[in-house]
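Residue numbers (the numbering used here), protein chains in the order written: chain S, 9 to 350; chain F, 9 to 350; chain U, 9 to 350; chain D, 9 to 350. First up is the structure itself, then whatever we jot down about it.
Protein chains: 4
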Amino acid sequence: MTTLKVGLIGTGRLGRMYGQYLARRVPGVALAAVADRKADVAKQFAGELGIAKCYADHQELLSDGEIEAVAVVTSTSTHKQVVIDAARSGKAIFCEKPISLTLEDAREMIAAVEAAGVFFQMAFQRRFDAGYLAAKNKLDAGAIGEPVMFTSISRDPYAPPLEFCDPKVSGGLIADMGVHDFDAARMYMGEVARVNAIGGTLAYPEMKSVGDIDNAIIDLEFQNGTLGSVQLSRNAVYGYDIRGEIWGTKGSIQIGYYRQTPILMFTREGIAHDAVPYFMERFENAYLAQIQNFAEHVRQGLAPSITGADAMAALRISVAANLSLRERRPVDVLAMAERQPA
Amino acid sequence: MTTLKVGLIGTGRLGRMYGQYLARRVPGVALAAVADRKADVAKQFAGELGIAKCYADHQELLSDGEIEAVAVVTSTSTHKQVVIDAARSGKAIFCEKPISLTLEDAREMIAAVEAAGVFFQMAFQRRFDAGYLAAKNKLDAGAIGEPVMFTSISRDPYAPPLEFCDPKVSGGLIADMGVHDFDAARMYMGEVARVNAIGGTLAYPEMKSVGDIDNAIIDLEFQNGTLGSVQLSRNAVYGYDIRGEIWGTKGSIQIGYYRQTPILMFTREGIAHDAVPYFMERFENAYLAQIQNFAEHVRQGLAPSITGADAMAALRISVAANLSLRERRPVDVLAMAERQPA
Amino acid sequence: MTTLKVGLIGTGRLGRMYGQYLARRVPGVALAAVADRKADVAKQFAGELGIAKCYADHQELLSDGEIEAVAVVTSTSTHKQVVIDAARSGKAIFCEKPISLTLEDAREMIAAVEAAGVFFQMAFQRRFDAGYLAAKNKLDAGAIGEPVMFTSISRDPYAPPLEFCDPKVSGGLIADMGVHDFDAARMYMGEVARVNAIGGTLAYPEMKSVGDIDNAIIDLEFQNGTLGSVQLSRNAVYGYDIRGEIWGTKGSIQIGYYRQTPILMFTREGIAHDAVPYFMERFENAYLAQIQNFAEHVRQGLAPSITGADAMAALRISVAANLSLRERRPVDVLAMAERQPA
Amino acid sequence: MTTLKVGLIGTGRLGRMYGQYLARRVPGVALAAVADRKADVAKQFAGELGIAKCYADHQELLSDGEIEAVAVVTSTSTHKQVVIDAARSGKAIFCEKPISLTLEDAREMIAAVEAAGVFFQMAFQRRFDAGYLAAKNKLDAGAIGEPVMFTSISRDPYAPPLEFCDPKVSGGLIADMGVHDFDAARMYMGEVARVNAIGGTLAYPEMKSVGDIDNAIIDLEFQNGTLGSVQLSRNAVYGYDIRGEIWGTKGSIQIGYYRQTPILMFTREGIAHDAVPYFMERFENAYLAQIQNFAEHVRQGLAPSITGADAMAALRISVAANLSLRERRPVDVLAMAERQPA
């Protein structure tokens, strides 16, 4: 099999991580070009990796005939244009989450992908995390009987910059963070029928100025009658706290861990250890496995591991949860889809 | 101070535990009499403890002028009559939870207590558990800043007998189990304004025949804008799983533990330990501290640690949650109170 | 079966604990009398428990014909006289550890017990701890194959008063603390053939003035060829740290726990919990079970659970370890016995 | 700074790991050539990495003028010849542990390195592990006061092939495994003055045929009077168990962890998780950091992080411990050095 030439679009923190992986740690792949609207950032990063091709415009990268696949790691608000352009250029596409901020945008993107017949794979790195994967395998093997409840907790160590909190930029707490939990919920439990969300701006009052909340609980009723609960927060002052529990008729699986450094301190103040600092430390290996999986599926002609339909489904739950929060009532997730014409 | 003479009404599992404590481990107290409708059960138990007075009717015990205080540990459906009778007899009253199955009954009981001017203390043993107590102290000391979310998980190791599951007998899952979590929620976070409940009969289909569920999630919105989530289940096949988390602006407190026996096994199958079997093992010391606290407060003329109003407030949340579950919509807790005339 | 009348000799901290247990929590037992050389201490304690008989001299208690059994909880240096006197008086004897400071004294005591034909049971409360017991059961059930190594760690939260550290009073670190570990070692692994001890006065230099050490490691070679290691320390500033590990051909059992209060704190400083404060908290239930076991064995005419020979064997290891420490060479334990004529 | 051209000598399991790191994950380094006596193994591995130069004889690689540094990852018995040849060729040398099986060989190697004036760095990957590093930093920062005792436990999940157990090939249990613990002991506590070792062939009787043991305890007395204990075993059937504890006057640091996959299973059988499988999983990041450190120190002209003297010191403790085991007596470590003339 020949080497897959990949172009990286977006060189922010996550983009640079993927860029380093693509350059060195993904078998069968060569990172062939880098693009970023901030031309100097792209140039410096390309230099670090020894990549000759460097563009300030994603269209230029897409016009490069040598490139067979692209990783889209730009800000969410630009996903729509970049993915549609990439689809039209015929490249295989890896798209960082969330696919978009609105269901309408997502539908257009998926329509463009389908029209072009290109390979499209979404990023939800938890699916490639050793813990989430092992839990899936245990569940499928019947280790806990039938799953009846799913709990998912996502907590950031601090609030994002205020401009990012604006729901029009990031989707706000529920869409930006919760989409990971909603995707995990679907993976373990099936489709969500109905949601009820409560939340508040309780730790960072300044967030109210942009209309975002910092804590939320979203309850899920799955189509098969089982139950779910998602907790989101921006004020985990001790670190990055990502946990899940699959609760079954014959047992339970808890996913996650707290401690980063393998030492335990015993002093007059008690017994203590540190915590996971943030997502790069928690999901480093999952991000690597995810981009390796994308490359492998493209190279071997396999179907995408996570599809546009998966992206839509998780986004639909986010949109329904935000509506529930605003209107203070449970919302049917499928009704969301019907309300919003493609 | 003279010795307080206490009568025990109800000699089921919990009643016998209180009886043993009152007979031997509560300073300043003498267990003076025992009553149970099952005369032979009462007689045998009295014999074990060396108690001479033994009644088949609670009224007889209440007529005993020597007795100054009673512990009411009968089945919930009889609480109303026994407590009203006890109030009229002028005894100080300790009442096992839940106070009653309906708000109407509870109001009558409290009215009778107030009319008689007797001491009345409710049982919510978690308030006397070392973990729940330490969490309260840490919270009050500001260790985690302002509390913004409370999570409470109660899971029984198996389902109760089917006849007990009947909501008309026990109140059902939400009233029978959840009332502990609702009381803890109030202790840490304040009054609950609104609830939303979802649930299902997911592990024990036979429960449907009596109209009960075996798993539920109840979300709480407190009057101060903070959030809460209660998870209830009857299918913790590994043991009795009681946990809580108080989530604050500057940290978090997790309450609870899993392991009963202090050994850890390392074998080819992995690393494993046992779990807490059931509530007697988990809350043994809390039950003791609770009945000691009752006796101490009666003897020293202090106000009750947990009042009838506390019992009403927790029950009101249960009733609202059950209504929310049935009607599939959020329910205002205060509206509950208004709907149901005293 | 009639009630066993027990007399308590010694009302220090441990004596008062046994006294409370004997008075209230040991089935089939009545605490009939109390003796302590400090007459006022004995009198006050007897008053608290409502015991009429109170003596300043153990001989007076032993002369009391009503008393059938005695618990000897005096300071170690007086064990010899009290036990010999008790044996001659024909009472059943419970003796707190260590039996004595020298092998010679222990031999005399055991000879007196045998001559009188009385019941004699040693105290080693770890044998009645839920963890140590469960480990024994797992080991006997073959859960870890054949045991090949035993590790035992005993650490006190602070140093005893200097006068107690004097090896002539307490036996010093190795005899006072280590005797528990040596007894556990015998329970799990069999007889010890040879020891090598190293140690130092490393945390409390003032201990050198009385000739004691504060940290030690004693390695054990069992007669069956297996291995052991005991670590002792007086400077566990965080609490009372008691642990063990039975290491087998097919797995391992770790015994012990660190956390006292079931809460976990998450703050900017990390994730933390408290520790077990001291032996009363750690072994409360074990002490109760131990004295109940004594009473049960006396009442039912069973053989003692822990014999004088057990006490001798543990003491012999202590003596050999102290000799090894002084002479800086491995010491045969059996040689100890031979060196020291009875 | 220009790119450092490194040659890899030895392509066994550990050699291939270093090879992959050198090829892709060590900044400023190019893996320029590979050598292994098994020519076909070397060739295949070079092919996988896209390395053109591939030798069956380390001398050929050493004659390659382009190569500036070598990583020696051959079997221990060949270290002497390869390192001496490498020194004479003027290359910077990274040498996998242990440096050699005898003090004589080690002395000759170090003499050759010194005569040639080349850079020589030993491998002890624990020094680069996040846990061992953090413990060192905490200790140096005074977090636990003065260290007074060090415990180190190394346990392999299974026995090596019998031919490897032969002490003449691998040094046997104490030299092969324990050298890591002895190095850690020196890092935290200083130089070792005296050792006492006990051990046995307790889990794998077949090892007796080659003269090795499978379990050992080695006690350490440091020159500063502090204490240490090292436990070694080959029968950790549950996984790879590597732990340490630095015990100080004001607290303690425990190093290590048990669980590999971040899930916890709750079933009727109890609460369980997996264990770390083996050293590649446990020390993956440490091996990477170690070879990066080597490259960085060579490129920047810094002194070696771990010297030949460090290798000698750890080896000397191994040799003394083996002598102690054979002669069943404590052995002075410095006497080892004196006994064995260079």
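Note that CB positions come from ideal geometry on N, CA and C, so glycine has one too.
query                                                                                                                            : result
Residue environment, S/D220, which counts as buried when at least 16 other CB atoms sit within 10 Å                              : buried
3-residue-minimum beta strand (DSSP E) runs that sit fully inside the segment 236-282 of chain U, ordered along the chain        : 249-256, 259-263, 271-275 and 278-281
Cut-off 6 Å between Cβ atoms - residues of its own chain near S/A350, not counting five sequence neighbours on either side       : At S/A350, the pLDDT of 38 sits below 50, so the modelled position is not reliable and the matter cannot be decided from this model.
Where F/L69 falls, given that 16 or more other Cβ within 10 Å makes a residue buried                                             : buried
Three-state secondary structure (DSSP) of F/Y8                                                                                   : No statement about residue 8 of chain F is possible, as the shown extent of chain F runs from 9 to 350 and does not include it.
S/K146: contacting residues in chain D (beta-carbon distance under 8 Å)                                                          : I271 and M273
Near-chain S residues of the segment 256-269 of chain D - C-beta to any C-beta below 7 Å                                         : K258, G259, S260, I261, Q262, I263, G264, Y265 and T269
First and last residue of the uninterrupted beta strand (DSSP E) at S/R134                                                       : It is not in any beta strand (DSSP E) - S/R134 carries neither H nor E in the DSSP assignment.
Contact set between S/V238 and chain U, taken where Cβ atoms lie within less than 7 Å                                            : The premise fails here: S/V238 is roughly 19 Å from chain U at the closest Cβ pair, so nothing lies under 7 Å.
Residue span of the alpha helix (DSSP H) that contains D/R163, given as start and end                                            : First-last for D/R163: P155 to R163, but that is the beta strand (DSSP E), not the alpha helix (DSSP H).
Cα-Cα separation, F/M195 to D/M185                                                                                               : 55 Å
Beta carbon of U/V200 nearer than 8 Å to that of U/L235                                                                          : no
Closer than 8 Å to chain D by CB, U/P349                                                                                         : For U/P349, the pLDDT reaches just 45, beneath the cut-off of 50, and the residue's location in the model is therefore unreliable, leaving the point undetermined.
Beta bridge counterpart(s) of S/R202 as assigned by DSSP                                                                         : S/E229 and S/D340
Nearest-angstrom Cβ-Cβ length linking D/R337 and U/R334, presumed shorter than 8 Å                                               : No, D/R337 and U/R334 are not in contact; Cβ-Cβ is about 16 Å, not under 8 Å.
CA nearest to the CA of F/G6, picked from F/S83, F/T82, F/K61 and F/T84                                                          : It is not possible to answer for residue 6 of chain F, since the shown part of chain F is limited to 9 through 350.
Cutoff 8 Å: S/R242 Cβ touching any chain U Cβ                                                                                    : no
Alpha-carbon spacing of D/A319 relative to D/L331, whole angstroms                                                               : 18 Å
Nearest-angstrom Cβ-Cβ length linking F/G259 and U/M215, presumed shorter than 8 Å                                               : No, F/G259 and U/M215 are not in contact; Cβ-Cβ is about 40 Å, not under 8 Å.
C-beta atoms of D/S160 and D/G309 nearer than 8 Å                                                                                : no
Beta bridge counterpart(s) of U/A77 as assigned by DSSP                                                                          : U/V14 and U/A100
Closer than 8 Å to chain S by CB, D/R32                                                                                          : yes
DSSP-derived helix/strand/coil call for F/A38                                                                                    : strand
Contacts around F/R33, its chain only, beta-carbon distance under 8 Å, and the 5 residues preceding and following it disregarded : L296 and Q300
Any C-beta of chain S under 8 Å from that of U/G3                                                                                : A query on residue 3 of chain U cannot be resolved here, the shown segment of chain U reaching from 9 to 350 and no further.
Counted within 10 angstroms of its Cβ, other Cβ atoms place D/K88 as buried (16 or more) or exposed                              : buried
Cβ separation of F/V81 and F/L39, assumed to be a contact under 8 Å, to the nearest whole Å                                      : The pair is not a contact, with the Cβ atoms about 13 Å apart (cut-off 8 Å).
The segment 97-109 of chain U contacting the segment 43-56 of chain U, beta-carbon criterion three pairs below 8 Å               : no
Member of F/G23, F/R134 and F/R21 whose CA lies at the smallest distance from the CA of F/D191                                   : F/R134
Cross-chain neighbours of U/R251 in chain D, by beta carbon under 7 Å                                                            : Those do not exist, as U/R251 stays about 11 Å from chain D at its closest Cβ, beyond 7 Å.
Cβ distance (whole Å) where F/I182 is taken to contact F/I226 below 8 Å                                                          : 7 Å
Residue closest to D/I351, alpha-carbon to alpha-carbon, out of D/D249, D/R202 and D/F302                                        : What is shown of chain D runs 9 to 350, which leaves residue 351 of chain D out entirely.
Proximity test, Cβ basis, 8 Å: U/Y140 and chain S                                                                                : no
Interface partners of D/R276 on chain F, CB under 9 Å                                                                            : V245 and Y246
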